[in-house]
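> The structure is given below, and queries will be raised subsequently.
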Amino acid sequence: MYLALKHTHITFAVLSILLFSLRGFWMLTTPEKLQRRWVKIVPHIIDTLLLLSAIALTVSINQYPFTHDWLTAKLLGLIAYIVLGTIALKRGKTRNIRLLALLMALTCVAYIVWVAFKHSALPWL
Ligand code: HEM
């Protein structure tokens with residue numbers, strides 16, 4: 006069960022990052038593609054499933070945000086990734102702001118993956 010959950014979580018994480026990167030690329034090159042119906046719906050479904058699989062995993066290994074630092078870091082990183090992502094794809098007023106938010110969101114998600122593998126909020130130590 007644990008392994009199936011972990012593979013599910015990793016699959017949704019990869020899909021989330023790929024779809025976000027694709028939308029970031031479209032934001033810079035052909036923003037009208039962001040208005041397609043599936044582009045507005047599918048990423049939200051994937052991100053919801055990513056979060057649900059994360060919650061199921063925390064229960065299955067009995068470690069939780071705000072009791073285990075690396076999971077607190079992942080949760081805060083996820084919130085920052087979502088906020089920066091909406092600025093990058095929607096709310097950013099200028100192209101420069103959206104580009105900066107895109108790069109920061111990608112940095113956040115790289116940090117989250119690093120934290121996931123190291124089980125540490127300071128994975129470079
Ligand atoms: C963009 C968001 C996220 C990404 C990209 C991501 C990525 C990953 C990856 C790659 C792994 C596998 C690590 C390994 O094989 O050792 C993993 C495991 C895990 N993640 Fe996430 N994750 C995200 C969000 C979250 C959140 C928000 C939580 C909960 C607060 C969470 C909880 C877990 C847990 C409990 C594991 C299992 C760790 C283990 O048993 O070794 N993840 N995550």
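Residue numbers for the sequence shown follow our numbering, beginning at 6 and rising by one. Even for Gly, the Cβ is constructed at its ideal location relative to N, Cα and C.
1) What does the Cβ neighbour count give for F71, buried or exposed, with the cut at 16 atoms within 10 Å?
2) For L127, which three-state DSSP category applies?
3) Below 7 Å, is the gap between the Cβ of H49 and the nearest heavy atom of the ligand HEM?
4) So is the beta-carbon of L111 under 7 Å away from any non-hydrogen atom of the ligand HEM?
5) Consider the C-beta atom of F71 and the heavy atoms of the ligand HEM; say whether any pair is separated by less than 7 Å.
6) Near W119, which residues of its chain fall below 6 Å by C-beta distance, leaving aside the five closest residues on each side in sequence?
7) Let me check understanding here. Comparing Cα to Cα, which of I51, M6, Y69 lies closest to F25?
8) For Q40, which three-state DSSP category applies?
9) May I have the straight-line CA-CA distance separating A9 from T99, to the nearest angstrom?
10) What is the C-beta distance between A106 and I117, in whole angstroms, given that I count them as a contact (C-beta under 8 Å)?
11) Which value, in whole angstroms, describes the spacing of the CA atoms of F122 and K38?
12) Do L55 and S21 have their CB atoms nearer than 8 Å?
13) Tell me which residue opens and which closes the alpha helix (DSSP H) that H12 is part of.
With the given structure in hand:
1) Sequence index remark: in the sequence shown, residue 71 carries index 66 (1-based). So F71 counts as exposed.
2) Mapped onto the sequence shown, residue 127 falls at position 122. In this structure, L127 counts as coil in the three-state DSSP scheme.
3) Locating residue 49 in the sequence shown gives position 44, counting from the first residue. Outside the cutoff, so no.
4) Stepping through the sequence shown from its first residue, residue 111 is reached at position 106. Because no heavy atom of the ligand HEM lies under 7 Å away, the Cβ of L111 does not count as near it: no.
5) Residue numbering aside, residue 71 sits at position 66 when the sequence shown is read from its first letter. The answer is no for F71.
6) Here residue 119 is taken as the residue at index 114 of the sequence shown, counted from 1. Correct list, in chain order: P128.
7) Stepping through the sequence shown from its first residue, residue 25 is reached at position 20. When only C-alpha atoms are compared, the closest one is I51.
8) Taking the sequence shown and counting its residues from 1, one reaches residue 40 at position 35. Reduced to three states, the DSSP call for Q40 is helix.
9) Stepping through the sequence shown from its first residue, residue 9 is reached at position 4. Stepping through the sequence shown from its first residue, residue 99 is reached at position 94. Rounded to whole angstroms, A9 to T99 spans 42 Å at the Cα level.
10) Here the question's residue 106 lines up with position 101 in the sequence shown. Here the question's residue 117 lines up with position 112 in the sequence shown. That belief does not hold up - the Cβ atoms of A106 and I117 are roughly 16 Å apart, past 8 Å.
11) Residue mapping note: residue 122 aligns to position 117 of the sequence shown, counting from 1. Residue mapping note: residue 38 aligns to position 33 of the sequence shown, counting from 1. One C-alpha to the other measures close to 34 Å.
12) The residue given as residue 55 occupies position 50 in the sequence shown. The residue given as residue 21 occupies position 16 in the sequence shown. In contact: L55 and S21 (Cβ atoms closer than 8 Å).
13) Start at 1 with the first residue of the sequence shown, and residue 12 comes out as number 7. 7-34 is the extent of the alpha helix (DSSP H) around H12.
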